[in-house]
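S.K.:
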Amino acid sequence: MKDHAGTKSFRLARMCPLIRTLTLLLLALPLAFLVASLFGAVSLVTVALILVAIYTWIWLRFRPGEFIVRGDVLEVRWPLKHRTISLEDISEVRVVDREQLKTETGWDVRVGAGGLWGGFGWLWTKRRGIFQMYVSPPMIMCG
-5 MKDHAGTKSF
5 RLARMCPLIR
15 TLTLLLLALP
25 LAFLVASLFG
35 AVSLVTVALI
45 LVAIYTWIWL
55 RFRPGEFIVR
65 GDVLEVRWPL
75 KHRTISLEDI
85 SEVRVVDREQ
95 LKTETGWDVR
105 VGAGGLWGGF
115 GWLWTKRRGI
125 FQMYVSPPMI
135 MCG
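Mapping of the sequence shown onto our numbering: residues -5 to 137, in sequence order.
Shown next, in the form of structure tokens:
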């Protein structure tokens, strides 16, 4: 966390061991496909390139890099975009664990990137409807 004259800046939390392992496995896939293409599976080059494009898109457009609280706004920054949320629109901020989340939201469906660097995008829940989420333990979510 950085603190500059009324502005607080928070980086995305470090990945938990499970997400870190999943991310490393997913990042190894394009390399594995390229190696396999050297042994005759030439079509896997295309698959590897598509995966690299998807991973790049997730990194640049879905994985937030920084959360900044300045004055009366929260700014979420990605490498290629940013979103400003009025603090008046935020009713509550807290850290929740997996069990608390399940108890409060019920059944859910994620629409977005999950498993590669964390979970980012939209989450539809039975009890709360749809909202944007940015998850990397400890969990950070915006409604």
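For each residue, glycine too, the CB sits at the ideal point set by N, CA and C.
Being a predicted model, the structure only gives us computed values, none of them experimental.
With H, G and I counted as helix, E and B as strand and the rest as coil, what does DSSP make of residue 103?
M.R.: Of the three classes helix, strand and coil, the one that applies to residue 103 here is strand, per DSSP.
S.K.: For the beta strand (DSSP E) that residue 80 lies in, which residues bound it at each end?
M.R.: Taken as a continuous stretch (DSSP letters only), the beta strand (DSSP E) holding residue 80 covers 76 to 80.
S.K.: Between which two residues does the alpha helix (DSSP H) carrying residue 72 extend?
M.R.: That residue, residue 72, is in no alpha helix (DSSP H); it is neither H nor E in DSSP.
S.K.: Helix, strand or coil: which one does DSSP assign to residue 96?
M.R.: In this structure, residue 96 counts as helix in the three-state DSSP scheme.
S.K.: Can you name the start and end residues of the beta strand (DSSP E) that residue 64 belongs to?
M.R.: Per DSSP, residue 64 belongs to the beta strand (DSSP E) from 60 to 64.
S.K.: Any idea if residue 134 is buried or exposed, counting beta-carbon neighbours within 10 angstroms, 16 or more meaning buried?
M.R.: At residue 134 the pLDDT is 47, less than 50, meaning the model places this residue with poor confidence and gives no usable figure here.
S.K.: Alpha carbon to alpha carbon, how far is residue 25 from residue 19? Give it in angstroms, no decimals.
M.R.: Each residue's alpha carbon lies about 10 Å from the other.
S.K.: Among all the DSSP beta bridges, which residues are the ones paired with residue 124?
M.R.: Bridge partners of residue 124: 118.
S.K.: I'd like to know if residue 0 contacts chain C, where contact means its C-beta is closer than 9 Å to some C-beta of that chain.
M.R.: Among the chains of the structure shown, chain C does not appear; only one protein chain is present.
S.K.: At what residues does the alpha helix (DSSP H) containing residue 27 begin and finish?
M.R.: It spans 11 to 32 - the alpha helix (DSSP H) in which residue 27 sits, taken as one unbroken run.
S.K.: Compare the beta carbon distance of residue 78 and residue 70 with 9 Å and say whether it is the shorter of the two.
M.R.: Result yes, Cβ atoms of residue 78 and residue 70 sit closer than 9 Å.
S.K.: If you draw a straight line from the C-alpha of residue 39 to the C-alpha of residue 32, how long is it?
M.R.: Their Cα atoms are separated by approximately 9 Å.
S.K.: Quick one: what's residue 4 bridged to in DSSP?
M.R.: 61.
S.K.: State buried or exposed for residue 58, treating a residue as buried only when at least 16 other CB atoms are found within 10 Å of its CB.
M.R.: Counting Cβ neighbours within 10 Å, residue 58 comes out buried, since at least 16 surround it.
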